[in-house]
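Sequences listed follow chains P, Z, B and W, in order.
With the working numbering, letter number 141 in the first sequence gets 1596, and the count goes up by one each step, no holes.
With the working numbering, letter number 90 in the second sequence gets 1545, and the count goes up by one each step, no holes.
With the working numbering, letter number 44 in the third sequence gets 1499, and the count goes up by one each step, no holes.
With the working numbering, letter number 199 in the fourth sequence gets 1654, and the count goes up by one each step, no holes.
We put the CB at the ideal spot given by N, CA and C, even for glycine.
Small disclaimer: the values here were computed from a predicted structure and weren't measured.
Protein chains: 4
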Amino acid sequence: MDRLNKNDTFASPDNEDPARDSAACNAKRRQILDGAEAIFLESGYEGASMSQIACRAGVSKGTLYNHFENKAALFGAVIEDLSRGKLAPAICQSHLTAMTCEESATKLAERFITVLLQPGPLRLYRIIVSEAPHFPVLADTFWRHGFGRTLKTMTDWIGHWVERGDIVTDDPLFAAEQFMALCQTRLVQRKRFELPVDCSEEQIHDVARRVGKAFMAINGRPS
Amino acid sequence: MDRLNKNDTFASPDNEDPARDSAACNAKRRQILDGAEAIFLESGYEGASMSQIACRAGVSKGTLYNHFENKAALFGAVIEDLSRGKLAPAICQSHLTAMTCEESATKLAERFITVLLQPGPLRLYRIIVSEAPHFPVLADTFWRHGFGRTLKTMTDWIGHWVERGDIVTDDPLFAAEQFMALCQTRLVQRKRFELPVDCSEEQIHDVARRVGKAFMAINGRPS
Amino acid sequence: MDRLNKNDTFASPDNEDPARDSAACNAKRRQILDGAEAIFLESGYEGASMSQIACRAGVSKGTLYNHFENKAALFGAVIEDLSRGKLAPAICQSHLTAMTCEESATKLAERFITVLLQPGPLRLYRIIVSEAPHFPVLADTFWRHGFGRTLKTMTDWIGHWVERGDIVTDDPLFAAEQFMALCQTRLVQRKRFELPVDCSEEQIHDVARRVGKAFMAINGRPS
Amino acid sequence: MDRLNKNDTFASPDNEDPARDSAACNAKRRQILDGAEAIFLESGYEGASMSQIACRAGVSKGTLYNHFENKAALFGAVIEDLSRGKLAPAICQSHLTAMTCEESATKLAERFITVLLQPGPLRLYRIIVSEAPHFPVLADTFWRHGFGRTLKTMTDWIGHWVERGDIVTDDPLFAAEQFMALCQTRLVQRKRFELPVDCSEEQIHDVARRVGKAFMAINGRPS
DNA sequence: GATGAATGAGAGTTCATTCAT
DNA sequence: GATGAATGAACTCTCATTCAT
């Protein structure tokens, strides 16, 4: 029984049955998603059991199946819900003006690193990377609602500085990808491997500062 | 029942019972490890079953338990075996002389990216990231025999160019980490998310070239 | 892995979840207990398998675990159920009046011996004696609901005759214990060892008569 | 697979292969028996595993099967060995002269109770009672070499006092059985149920004294 | 004769899923 | 729509036994 087969069950997570949007129904759905998120992020897809989820969500096992076709569909809904809510919003919110480009880059890197080190996004990354081969659609979801949106935000931010003339690049998207990659050195990388690492604000700031410098060295206007 | 408790069963994978080093025994062990590697990398820790492993390895279930105390111990042995064999050797082998620093960096990046895109190391990365919280010792193993050794290799390589005066850095280790991070953009990143991506040699070379340039921009001797 | 650890799972078998007292639930529980009693008494604790029990009870293996936490807990419930139902009731019921003391003692011995020779109580004794070291709480259950209650009945019966002046003893409890011990000669003893023995009514009566005589010799009023 | 079927494998434990009495072979056999006795008495027949036994005996599993056909045969040999060695010898040894009959009876009861309370005989009793239905021949072995011999010893002892005129009975065997039954009150009975009980020498002496008195009341020459 | 690796049946237990209430 | 008991397949792991060395 391959999990790949189950993908079709949540291939189109958007067109939910519109008859289901009674308030009570949505509340239950929310309740289930919260419980399922907790369990899936703790234990992974295979490691999580529907019983645990029902218990954590405070509903019966049968109710799970009234709202989601099966475990895979519930998992898909969980990933989409998490992708929407965790990464992009945290990055998108502010505009980072009134600084030099390097200061702005450092600030942005700091914020990005901080988010990546939080338990939620960390676990989400783990489960996405781990289950991507078994749920191809899932990574797409994550990219569209999560990482991709963050990348878009950063690309726009780079475009802003290109317009201002502080940054010179023929490929702002690639520059954004490099920026994000540079943020995933040392702290994030080691945290993902569960290696001992000091994630104090000072350390975060230090790495962010180096990201800012490197970013300017690569893309800054040659003086 | 937490998998964390089982960690001690493979905490010290080095001091194997020396009485067991008969050729036949080692061959069977090798056979089991090969089967287990295939299944674990395909299905993850929880997704893999001892029956599948036994079947793939061509031995009976009981034999698995004659050679490894339990599933967790087998998993630990698999990770160590893979860590030793997959990453570091592929990077360490050659010396990259007789080129400019940037050419050398590009060549190294190309090789590193190529390795990271192969199915084996890719799956190994997935499973390490996914299971690290449940098997703390495992990530340590991976770091010591795998990623960490690669990092060491690169740090040494940087040291070589520092001596030659082509590279200037106060923190060669961090420079190496940044180099590795830059290699994990675009192709590797997207491949990890199972997004559609063109991993042709041309694409690899293109990314590697950009890594080389970025690396020189960051760490090259100011002219 | 000691069975002793599992004792807590049925340490307090009385305070069952009161939400579970639906009629259907109790019926299934009864059904399971009946099957489990049969198998445990036939095969002992270790010799019995949950599959056999499920089969005999006419339910699936999963159902067993919906009603009892594990094999040990089921075993505990079985022992309690048997202890409550088999021994004491058979002894307690009548009042044995309108006879001489010796006649009454003989009658009581006859009844007690008869019960002890029945397959059920015999097997219960076997399993209690055998598993007592592995399930300390179990013997306590057996004593409280089974043997201890029978002993109490007999002590009361002796008290009755002490009041009437036919029996003289400073320790009615010990007298009752001696009475019970005397009943476990020859027939019961040999039956427990599965030695060939004639357990006809005549033989039972003969032993019972000797118990009556011995009991009067020990405790009767000196003429 | 019923254990009853396995009985024939040790139905005739006496006619051992005479070719096997080399000293080394007997020593190994002794070694195995010692290990097996320890494990069987601790864990019961089903609860004991051949691996545990091999380990405790300090031999390999294969060696077990070189000396005994299977688990059941080994068990049979263990029971016979224990039956021969534990009970009867402890009782038979002395002659208990130069006392009154009641003193002698008390002394004998004391010795018998003491033996029954020891861990070895206690566990032997447990396993015999428990496994008798599954190994009919086993109880016979136990009776012939163990309990039966003890009973014979006591019958002889009674015969001695009958000759002296202190005891009057038409059935010395039954008198001996009653004597033994009386010894199994209170301490022994409760110990077998693993109930808390004070088995100090004082308590043993107290019960033995009451056995002596009861025995004389039942069988003593009427004055 | 002694070994211990190999076996496969079967142990206890958990699981996703169904369905009558 | 919510429930949770029932299911049976599949899980990890252990067992008595065999047999090549």
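Discussion item. Distance cutoff 9 Å, beta carbons only. Does Leu1650/W sit that close to anything in chain B?
Written reply: To locate residue 1650/W, count along the fourth sequence from 1; it is residue 195. Closer than 9 Å to some Cβ of chain B, the Cβ of Leu1650/W qualifies, so yes.
Fill in: Run of the alpha helix (DSSP H) containing Gly1499/P, from where it starts to where it stops
Residue 1499/P sits at position 44 when you count from the first residue of the first sequence. That run of the alpha helix (DSSP H) goes 1478-1502.
Item to complete: Work out the CA separation of Lys1668/W and Ile1673/B for me, nearest whole Å.
Response: As a position in the third sequence, residue 1673/B is number 218, starting the count at 1. As a position in the fourth sequence, residue 1668/W is number 213, starting the count at 1. C-alpha separation (whole angstroms): 8 Å.
Worksheet item: When burial is assigned at 16 or more other CB atoms within 10 Å of the CB, is Gly1531/B buried or exposed?
Response: For the purposes of this step, residue 1531/B is identified with residue 76 of the third sequence, where counting begins at 1. Buried is the call here.
Fill in: Interface flag, Ser1506/W vs chain B, CB-CB below 9 Å
Reading the fourth sequence from its first residue, position 51 is the one you call residue 1506/W. Interface residue (Cβ-Cβ distance to chain B less than 9 Å): Ser1506/W is not classified as such.
Worksheet item: Whose CA, out of Glu1535/W, Val1662/W, His1589/W, lies closest to the CA of Ala1564/W?
Response: Residue numbering aside, residue 1564/W sits at position 109 when the fourth sequence is read from its first letter. Considering only alpha carbons, the answer is Val1662/W.
Worksheet item: How many angstroms separate the CA atom of Trp1598/B from the CA atom of Ser1498/P?
Response: As a working note, residue 1598/B is residue 143 in the third sequence. As a working note, residue 1498/P is residue 43 in the first sequence. If you take the alpha carbons of Trp1598/B and Ser1498/P, they lie about 45 Å apart.
Worksheet item: Of the residues that make up the segment 1596-1625 of chain Z, which ones have a beta carbon closer than 8 Å to any beta carbon in chain P?
Response: Here the close residues are Phe1597, Trp1598, Phe1602.
Item to complete: Taking only beta carbons into account, state which residues of the segment 1484-1499 of chain Z come closer than 7 Å to chain P, listed in chain order.
Response: Gly1499: these are the residues of the segment 1484-1499 of chain Z whose beta carbon lies less than 7 Å from some beta carbon of chain P, given in chain order.
Worksheet item: Is the CB of Lys1526/P under 9 Å away from at least one CB in chain Z?
Response: Sequence index remark: in the first sequence, residue 1526/P carries index 71 (1-based). Answer no: the Cβ-Cβ gap between Lys1526/P and chain Z never drops below 9 Å.
Discussion item. For Ala1636/B and Gln1639/W, which I take to be in contact (beta-carbon distance under 8 Å), what is that distance rounded to the nearest angstrom?
Written reply: On the third sequence, residue 1636/B is found 181 positions in, with the first residue counted as 1. On the fourth sequence, residue 1639/W is found 184 positions in, with the first residue counted as 1. So it is a contact: roughly 6 Å between Cβ atoms.
Discussion item. Taking the straight line between their C-alpha atoms, what separation do you get for Arg1619/B and Gly1517/B?
Written reply: Against the third sequence, residue 1619/B aligns to sequence position 164. Against the third sequence, residue 1517/B aligns to sequence position 62. Each residue's Cα considered, the two are about 58 Å apart.
Fill in: Chain-ordered neighbours of Gln1680/Z on chain P, where CB pairs are closer than 7 Å
Outside the modelled stretch of chain Z, which goes from 1456 to 1678, sits residue 1680/Z, for which no answer is possible.
Item to complete: Measure the alpha-carbon distance for Thr1569/Z versus Leu1642/Z and round it to whole angstroms.
Response: Here residue 1569/Z refers to the residue found at position 114 when the second sequence is read from its first residue. Here residue 1642/Z refers to the residue found at position 187 when the second sequence is read from its first residue. If I take the Cα positions, the gap works out to 10 Å.
Practice prompt. Just the C-alpha distance for Lys1461/W and Phe1590/B, rounded to the nearest angstrom, thanks.
Written response: Against the fourth sequence, residue 1461/W aligns to sequence position 6. Against the third sequence, residue 1590/B aligns to sequence position 135. Confidence at Lys1461/W is low in this model, with a pLDDT of 47, below 50, so its placement is unreliable and no value can be given for it.
Item to complete: Could you name the residues of chain Z that Val1584/P contacts, counting a contact when the two beta carbons are closer than 8 Å?
Response: Numbered from 1 along the first sequence, position 129 holds the residue referred to as residue 1584/P. The contacting residues are Tyr1580, Arg1581, Val1584, Ser1585, Arg1647, Phe1648.
Worksheet item: With a CB to CB cut of under 6 Å and the five nearest residues on each side skipped, what residues in its chain are close to Ala1630/W?
Response: Numbered from 1 along the fourth sequence, position 175 holds the residue referred to as residue 1630/W. Same-chain partners within the cutoff: Ile1613, Thr1624, Asn1674.
Worksheet item: What does Ile1622/W pair with, by DSSP beta-bridge criteria?
Response: Position 167 of the fourth sequence, counted from the first residue, corresponds to residue 1622/W. In the DSSP secondary-structure assignment, Ile1622/W is bridged to Gly1675/W.
Practice prompt. Within 10 angstroms of the Cβ of Glu1471/B, are there 16 or more other Cβ atoms? Answer buried if so, exposed if not.
Written response: Mapped onto the third sequence, residue 1471/B falls at position 16. Here the model assigns Glu1471/B a pLDDT of 44, short of 50, so the residue's position is not dependable and the matter cannot be decided.
Discussion item. What would DSSP say about Met1609/B, mapped onto helix, strand or coil?
Written reply: Locating residue 1609/B in the third sequence gives position 154, where the first residue counts as 1. Three-state DSSP puts Met1609/B in a helix.
Practice prompt. Taking Pro1588/W as the query, report the chain B residues whose CB atoms sit under 7 Å from its CB, ordered along the chain.
Written response: Position 133 of the fourth sequence holds residue 1588/W. Per Cβ cutoff of 7 Å: Glu1649.
Worksheet entry | Cut-off 8 Å between Cβ atoms - residues of its own chain near Ala1493/P, not counting five sequence neighbours on either side | Position 38 of the first sequence, counted from the start, is the residue given in the question as residue 1493/P. Excluding the 5 residues flanking it on each side, Ala1493/P has same chain C-beta neighbours closer than 8 Å at Arg1511, in chain order.
Discussion item. Need the endpoints of the alpha helix (DSSP H) that Cys1510/P sits in, please.
Written reply: Counting from one through the first sequence, the residue named residue 1510/P turns up at place 55. Looking at the DSSP string, the run of the alpha helix (DSSP H) that includes Cys1510/P is 1505-1512.
Discussion item. Going by DSSP in three states, Ser1432/B sits in which element: helix, strand or coil?
Written reply: Because residue 1432/B is not part of the residues shown, which for chain B are 1456 to 1678, the question remains open.
Discussion item. Here's a check: name, in chain order, each residue in its chain whose Cβ is nearer than 8 Å to the Cβ of Tyr1580/B, leaving out the five neighbours to either side.
Written reply: Counted from its first residue, the third sequence places residue 1580/B at position 125. The beta carbon of Tyr1580/B is closer than 8 Å to those of Leu1571, Arg1647 in its chain, skipping five residues each way along the sequence.
Worksheet item: What does Ile1673/W reach in chain B if we use C-beta pairs closer than 7 Å?
Response: Within the fourth sequence, numbered from 1, the residue matching residue 1673/W stands at position 218. Correct list: Ala1669, Ala1672, Ile1673.
Discussion item. Using a Cβ-Cβ distance cut-off of 9 Å, determine whether Arg1665/W contacts chain B.
Written reply: Residue mapping note: residue 1665/W aligns to position 210 of the fourth sequence, counting from 1. With 9 Å as the cut-off, Arg1665/W counts as an interface residue toward chain B.
Discussion item. Using only CA atoms, which one of Glu1501/W, Pro1627/W, Glu1649/W lies nearest to His1593/B?
Written reply: One-based indexing of the third sequence puts residue 1593/B at position 138. The question names His, but residue 1593/B is Leu in the sequence shown. When only C-alpha atoms are compared, the closest one is Glu1649/W.
Worksheet item: Is any beta-carbon of chain Z found at less than 9 Å from that of Pro1591/P?
Response: Position 136 of the first sequence, counted from the start, is the residue given in the question as residue 1591/P. It does: the Cβ of Pro1591/P has a partner Cβ on chain Z nearer than 9 Å.
Practice prompt. Report buried or exposed for Ser1611/Z, applying the criterion of at least 16 other Cβ atoms within 10 angstroms of its Cβ.
Written response: For this step, residue 1611/Z is matched to residue 156 along the second sequence. As written in the sequence, residue 1611/Z is Asp, which differs from the Ser given in the question. The residue is exposed, with fewer than 16 neighbouring Cβ atoms inside 10 Å.
Worksheet item: What in chain W is Cβ-close to Ala1594/B, meaning under 7 Å?
Response: What you label residue 1594/B is simply residue 139 of the third sequence in a count that begins at 1. Below the 7 Å Cβ cutoff, chain W contributes Phe1648, Glu1649, Leu1650 as neighbours of Ala1594/B, in chain order.
Worksheet item: By how many angstroms is the C-alpha of Leu1496/W removed from the C-alpha of Pro1574/W?
Response: Here residue 1574/W refers to the residue found at position 119 of the fourth sequence. Here residue 1496/W refers to the residue found at position 41 of the fourth sequence. Pro1574/W and Leu1496/W have their C-alpha atoms spaced approximately 9 Å apart.
Practice prompt. Using only alpha-carbon positions, find the residue among Phe1602/W, Leu1628/W, Val1514/W, Ile1622/W that is nearest to Arg1539/W.
Written response: In the fourth sequence, residue 1539/W corresponds to position 84, counting from 1. Of Phe1602/W, Leu1628/W, Val1514/W, Ile1622/W, the smallest CA-CA separation from Arg1539/W is found for Phe1602/W.
Item to complete: Could you give the DSSP three-state label for Ala1669/P: helix, strand or coil?
Response: For the purposes of this step, residue 1669/P is taken as residue 214 along the first sequence, with counting starting at 1. Helix.
Worksheet item: For Gly1502/B and chain W, any beta-carbon pair shorter than 9 Å?
Response: For this step, residue 1502/B is matched to residue 47 along the third sequence. The beta carbon of Gly1502/B falls within 9 Å of a beta carbon belonging to chain W, placing the residue at that interface.
Worksheet item: Taking the alpha carbon of Gly1490/Z as the point to measure from, which residue in Ala1478/Z, Pro1651/Z, Asn1521/Z, Met1505/Z has its own alpha carbon closest?
Response: For the purposes of this step, residue 1490/Z is taken as residue 35 along the second sequence, with counting starting at 1. Closest by alpha carbon: Met1505/Z.
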